[in-house]
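Below you'll find the structure, written out as structure tokens, and then a few comments.
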Amino acid sequence: MGLEEEIQELEDEIADTPYNKSTEAHIGRLKSKLAEKKEKLEQQQSGSGGGGGYGVEKHGDATVALVGFPSVGKSTLLNALTNAESETGSYEFTTLDVYPGMLKHKGANIQILDVPGLIEGAAGGRGGGKEVLSVVRTADLIVFMVSVFEIDQYDRLREELYKNKIRLDTEPPRVNIRKKAKDGLTVNSSVDLDLDEETVKSVLREHGYVNADVTIGEQVDLDRLIDGVMDNREYVPSIVAVNKADLIEPDYLPTVESELEERDIDPEEAIFISAEEEKGLDGLTERIWDELGLIRIYMDKPGRGVDYEEPLILREGDTVDDACRKLGGSFDERFRFARVTGPSAKHDEQQVGRDHELADEDVLRIVARK
Ligand SMILES: Nc1nc2c(ncn2[C@@H]2O[C@H](COP(=O)(O)OP(=O)(O)OP(=O)(O)O)[C@@H](O)[C@H]2O)c(=O)[nH]1
Ligand SMILES: [Mg+2]
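Start counting the sequence shown at 1; every next residue gets the next number (full-length UniProt numbering).
Structure representation (structure tokens):
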């Protein structure tokens, strides 16, 4: 029996087995087997396919993947937002490659990737699907683009990404495994786990662990436990852009809103745009900026004053140390202290060390040894 058939059999058995306390450990084993076999199949395929990279390098301060069905308006949006010239057309699959464009906003360079053909055969690795997905996996943010008339496209898109080990809008599970030399498996948990200890152990055994301490820090279900054990899922935040909003009459809007609500998307959170008429794009850009959590640091350079034109772009939570690293050069070794004025400082020109956490629109001066 080939891997594909084995996978099919496992999927059928999982679908046919009712989930309850007495079958939990069994289903756990099946799901784990399934995850391992899928992994193996994927490795075989990428090994023989010789796919390699996709040829789109990450550039700029952050990368955003534009994901949507054919003809939803991805290329039109990319062209409107960035310097790119991506082909657009009224027929499906105009874009067969990944097209990058650079969005300049608040001094940051945000790379936007127009990701085509995600839906057709992506999961099975036909066409460019697999390569396209590898681009999506490394993005800092996914923008789901759906047509105002086909909000249900959203379900397919999410499903496709899930199948390809992309977990949306969630943090990695708090599952920590420490291998040891002997004494079997022990399970520690800071919460009162719904899963039986025996289930957790079966899952671990199925993934090849014989001796290990497992610490679980949240209420996990089987799928999330397996995600934690497999440790090769990507966790990416996402937002929803509803395109072609120019085509609807105002009295159709409530229908769209309830379609969004059915999918747990707050209509206030979805961004209605018309890529064609360039409407709503400022709002979209602003949301992208917020979701990426970028911050601007204005560098105060000796003798040259504060540079408000080209800020150093960092992430929320970054410190003076991260600033030094991004600046490069020899700042790192020569660092003495820094002075900060702005939102993160207690007072102007506050003297701080490397571990000081910076905030958006801080002015930073690094005092270095000669
Ligand atoms: N009315 C209207 N038409 C739009 C809008 N955005 C895109 N279109 C049209 O929709 C068609 C498809 O747009 P594209 O930008 O090529 O779509 P795409 O998502 O890149 O499609 P593929 O590359 O095939 O995946 C074109 O004819 C666009 O002019 C919009 O906001 N409103
Ligand atoms: Mg296109």
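Where a beta carbon is used, it is the ideal one built from N, C-alpha and C, also for glycine.
Endpoints, the alpha helix (DSSP H) within which residue i is located
i	result
G228	L222 to M230
G167	Looking at the sequence provided, one finds Arg at residue 167 rather than Gly. R167 -> not in any alpha helix (DSSP H); beta strand (DSSP E) instead, spanning I166 to L168.
N79	K74 to L81
S258	L253 to E262
F331	F331 to R334
T199	E197 to E206
V320	V320 to L327
L157	Q153 to K163
Backbone secondary structure at residue i - three-state DSSP
i	result
G342	coil
A212	strand
S189	strand
Q43	helix
G303	coil
I7	helix
L358	coil
F93	Its pLDDT being 48, under 50, F93 is placed unreliably in this model, and the value from its coordinates should be taken loosely. Correct three-state label for F93: coil.
L364	strand
Y99	strand
residue 432	With the chain covering only 1 through 370, there is no way to say anything about residue 432.
K104	strand
residue 386	Lying outside 1 to 370, the shown extent of the chain, residue 386 is not represented and no answer is given.
A25	helix
V242	strand
S134	helix
S71	coil
Residue i, enclosing beta strand (DSSP E) - first and last residue
i	result
Y235	E234 to V236
T17	From DSSP, T17 is part of no beta strand (DSSP E); its letter is neither H nor E.
I112	A108 to V115
Q350	Q350 to V352
G68	A62 to G68
Distance, residue j Cα to residue i Cα
i	j	result
V242	V175	36 Å
G353	L364	12 Å
A368	D307	18 Å
Y19	N164	24 Å
A345	G328	23 Å
S202	K40	20 Å
R126	E234	Bear in mind that the predicted position of R126 carries a pLDDT of just 46, short of 50, making it unreliable; the figure below should be weighed with that in mind. Each residue's Cα considered, the two are about 21 Å apart.
D114	A65	6 Å
D61	D290	14 Å
F144	L133	14 Å
I297	F335	17 Å
G184	I216	17 Å
T341	V210	54 Å
Counterpart residues of residue i in DSSP-defined beta bridges
i	result
R296	I313
K179	A212
beta-carbon residue i near ligand 3 non-hydrogen atom, thresh 7 Å
i	result
V67	Among the ligands modelled here, namely ligand 1 and ligand 2, ligand 3 does not occur.
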